[in-house]
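Undergrad: When we follow the numbering used here, the leftmost residue of the sequence shown carries the number 92, and every step to the right adds one. A virtual CB, placed ideally from N, CA and C, is assigned to each residue, including glycine. I'd like to ask you about the structure that follows.
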Amino acid sequence: MAERIGFIGPGAMGAPMAANLLRRGFPVTTLIHRNPGPAQALEAQGARIARSRSALLEECPVVLACLPTSAEVEEVVLGPGGVLESGQPGGVFVDMGTSRPASTRMLADRLGARGIAMLDAPITGGVRGAREGTLTIYVGGAPEVFARVRPAFEAMGRTVLHMGGTAAGHLTKLLNNMLSLASMAALAEVLPLGVRLGLDPPLLVQALAAGSGATTMIPGRGERIL
92 MAERIGFIGP GAMGAPMAAN LLRRGFPVTT LIHRNPGPAQ ALEAQGARIA RSRSALLEEC
152 PVVLACLPTS AEVEEVVLGP GGVLESGQPG GVFVDMGTSR PASTRMLADR LGARGIAMLD
212 APITGGVRGA REGTLTIYVG GAPEVFARVR PAFEAMGRTV LHMGGTAAGH LTKLLNNMLS
272 LASMAALAEV LPLGVRLGLD PPLLVQALAA GSGATTMIPG RGERIL
């Protein structure tokens, strides 16, 4: 039977990710975080809701966190009842947010001293990818730890890449974001220029999406820019 997975951060991205874990047969325990609705929806699909963070950590050898910032991840790890204090030696903590690599290395060192492994596994693909289980997941950490958690990653993502050691996943995600922002900036210049030159806006979006300069930004962002 699959290891029970603790899921911290069942928000817009996290809730459908946890739902995909449940659909693939993983036992999941989650927490109520601000809005109780997502955790209760997961409970209706078979998840448990832990009474506290420490209770979740005590019953789950693998814990995934999908949180917005490094500060929130650090609080989950270092705060009262957090992973450092209540996590299981021999367990794994996975940060699936877009965090600072320096913070990731610090947390991995602190957890490693307690016998808890850490993976950084940021995601890309948006809410639709989270719902459909087609996310791309960039993973950093020890190969044997990655192999242990890989089946869970494959329940949530279509493309799962082990990028190297600690923080390699977060470094890859930051580079991906840089490229994405550069593409968006270029699109914001090119599309208005085409309109000023007299081209039909919907046809221009269609043409660029089919050309050699196409990016995934064009189908959704192109219409909004115009």
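(1) Three or more beta-carbon pairs under 8 Å between the region 169–176 and the region 120–138, yes or no?
(2) Identify whether R196 lies in helix, strand or coil by the three-state DSSP scheme.
(3) Where are the beta strand (DSSP E) runs, 3 residues long or more, that stay fully inside the region 171–256, in chain order?
(4) Spatial neighbours of T263 within its chain, please: C-beta separation below 6 Å, excluding the five flanking residues on both sides.
(5) What span of residues does the beta strand (DSSP E) with G97 cover, start to end?
(6) Does the pairing of the region 280–298 with the region 214–230 give three or more beta-carbon distances under 8 Å?
(7) Between which two residues does the alpha helix (DSSP H) holding T263 run?
(8) So if DSSP puts T120 in a beta bridge, which residue, or which two residues, is it bridged to?
(9) Distance, Cα to Cα, P127 vs A103?
(10) Between L158 and I99, what straight-line distance do the alpha-carbon atoms span, to the nearest angstrom?
(11) Give the DSSP bridge partners of V153, in chain order.
(12) Using the Cβ count rule (16 or more neighbours within 10 Å means buried), how would you classify A204?
(13) Going by C-alpha to C-alpha distance, which of G173, V153, M247, T225 sits closest to L210?
(14) Considering just the uninterrupted stretch of the alpha helix (DSSP H) at A109, what are its terminal residues?
(15) Could you say which of G182, D186, L202, T227 lies nearest to R239 if we only look at CA atoms?
TA: Based on what the coordinates show:
(1) no
(2) helix
(3) 183–186, 208–211, 226–231, 248–255
(4) Y229, M254
(5) 96–99
(6) no
(7) 259–287
(8) G97, R139
(9) 13 Å
(10) 8 Å
(11) I96, V183
(12) exposed
(13) V153
(14) 105–114
(15) G182
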